[in-house]
Amino acid sequence: MKEIQVGLIGLGTVGCGLVKVLEDNSEILKERLGVPLRLKRVVDIDLESPRPVSVPRKILSTQVEDILADEEIRIVVELIGGMEPAKTFLLEAMKRGKHVVTANKALLAVHGNELFAAAREHQVNIAFEAAVGGGIPLIRTLREGLVANRVGHIYGILNGTANYILTRMAREGTTFADALKEAQAQGIAEADPSLDVEGVDAAHKIAVLSSLAYCCEIDFNQIHTEGISQIDPSDIQFAKDFGYQIKLLAISRSDGDRIEVRVHPTMIPQEHMLAKVEGAYNAIHISGDAVGDVMLYGLGAGMMPTGSAVASDLVDLGRDLLVGSGVRIPPLACEGEALVPRQIKPMDELVTNYYFKFSAVDQPGVLSKISGILGNHDISIASVIQKGRQVKGSVPLVMMTHEARERDVRLALAEIGDLKVVTAPTRLIRVENREAVDED
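Okay, structure coming up:
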């Protein structure tokens, strides 16, 4: 085989990143693969908009069939995003015996089970290093580097936009709205940032990671997801007073025959490595029974980091093609018959520590009323901070609890919310205490 021929569907940001990596590092890639990687066809619905890369006109097309019908193209790269027509393109490419590469974490999270089954059926590879963590080699770490380990937990800062906003709020004391505007002005946040700031993007990514870590199929709809839009500067300051930082954390943890998979604002100890991850960077903390704790850190998005990850998949698949090895590594790092159904633990059964911020009337007896209701629901208070008025007639009353059950917490807060002395909805933030983040 003189070269590996590739078809690219989608010439957006990541597609341009791939084109640039293949062009700028063509000699390095050839040396490491042994033969050239050649883009034979690039398909996009818009061929006229200016782009930061130059693609020969003769290889451009608006018809995906030009890639699918070309028998010389052995690998198809999907970089258009979204559910459809991306899913159809990938399924059709695999049906025709082509290996596929995608960076589409949303598609993998929602329809990954179907795509992985298709790859097994047609005996082709589906590679997705760029789907989680941008240029961080996270997928390959779980599929290969940690293959000898039982993964106990994964904690991930998986969305750079949300982490940038929380960093600005912590450093400058700015509001969420102002930090978001700054992120948008710098191109870190989208015009519609909802997928990022409401935790959906991180949920897509932790779904993919959980499937890999625990060799199981994941029902994305069962993942509890919350965002950061309700966090205010006082929450961040109170967290610091207690010795914590607030991060949008994606959490996956083995729990017997079940797993926890959730995304929400989380207080983590200031001394933990993840608490020190700032700006638009991502970081993933993995615990394995043999290797211990591993942390990967880097830019989780962007044209070049993500393009680099896609190129790494092309080299990996190219090596397999050159030696005729077929499907060397299954999509989820285990054979289809070894996939074990794992139920996602309902949030009502979660047991953890909690932060509450109540807005209450400044009068005697309020603390005893609130603490009495908490006690009636088996929620024990670890510490309390009460400061002066911030709103006329109201004072913030902040509590940290010992471990409590989510179901009991929800019932207690509903009862407290009915008190006339409580003037605003209670802020709840879950806490990963110093023991939980270092053990399994």
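Just so we're aligned, residue 1485 is where the sequence shown starts under this note's numbering, counting upward by one.
Note that the Cβ used here is the ideal one computed from N, Cα and C, for glycine as well.
Tell me, please, which residues DSSP counts as bridged to residue i.
| i | result |
| --- | --- |
| residue 1730 | 1751 |
| residue 1769 | 1639 and 1779 |
| residue 1908 | 1843 |
| residue 1888 | 1836 |
| residue 1744 | 1737 |
| residue 1611 | 1585 |
| residue 1545 | 1527 |
Determine the DSSP secondary structure at residue i, reduced to helix, strand or coil.
| i | result |
| --- | --- |
| residue 1690 | helix |
| residue 1924 | Confidence in residue 1924 is poor, its pLDDT being 48 and thus under 50, which makes the residue's placement unreliable; the coordinate value appears in the next sentence. The answer is coil: DSSP assigns residue 1924 none of H, G, I, E or B. |
| residue 1616 | coil |
| residue 1473 | It is not possible to answer for residue 1473, since the shown part of the chain is limited to 1485 through 1924. |
| residue 1495 | coil |
| residue 1528 | coil |
| residue 1756 | coil |
| residue 1489 | strand |
| residue 1880 | strand |
| residue 1713 | coil |
| residue 1720 | helix |
| residue 1512 | helix |
Where does residue i land, buried or exposed, given buried means 16+ other C-beta within 10 angstroms?
| i | result |
| --- | --- |
| residue 1827 | exposed |
| residue 1530 | exposed |
| residue 1753 | buried |
| residue 1740 | exposed |
| residue 1546 | exposed |
| residue 1572 | exposed |
| residue 1705 | exposed |
| residue 1860 | exposed |
| residue 1914 | buried |
| residue 1848 | exposed |
| residue 1723 | buried |
| residue 1566 | exposed |
| residue 1542 | exposed |
| residue 1744 | buried |
| residue 1737 | buried |
| residue 1617 | buried |
| residue 1764 | buried |
| residue 1809 | exposed |
| residue 1771 | buried |
Counting contacts by CB-CB distance shorter than 8 Å, is residue i in contact with chain D?
| i | result |
| --- | --- |
| residue 1807 | Absent here is chain D; the protein component of the structure consists of one chain. |
What is the C-beta distance between residue i and residue j, in whole angstroms, given that I count them as a contact (C-beta under 8 Å)?
| i | j | result |
| --- | --- | --- |
| residue 1517 | residue 1795 | So it is not a contact: roughly 10 Å between Cβ atoms. |
| residue 1582 | residue 1608 | 7 Å |
| residue 1891 | residue 1800 | The pair is not a contact, with the Cβ atoms about 45 Å apart (cut-off 8 Å). |
| residue 1894 | residue 1829 | Contact flag wrong, Cβ pair sits at about 16 Å. |
| residue 1797 | residue 1611 | 4 Å |
| residue 1548 | residue 1488 | Going by Cβ atoms, the distance from residue 1548 to residue 1488 rounds to 20 Å, so no, they are not a contact pair. |
| residue 1587 | residue 1615 | 5 Å |
| residue 1519 | residue 1806 | 7 Å |
**Asked** Which parts of the stretch 1616–1681 are runs of the beta strand (DSSP E), unbroken and 3 residues or longer, counting only runs that do not cross its ends?
**Response** 1635–1641
**Item:** Whole runs of the beta strand (DSSP E) within the stretch 1549–1581, excluding any shorter than 3 residues
**Value:** Runs found: 1559–1562.
**Request:** Within the stretch 1810–1874, note down every full alpha helix (DSSP H) run reaching 4 residues or more, in order along the chain.
**Result:** 1850–1860
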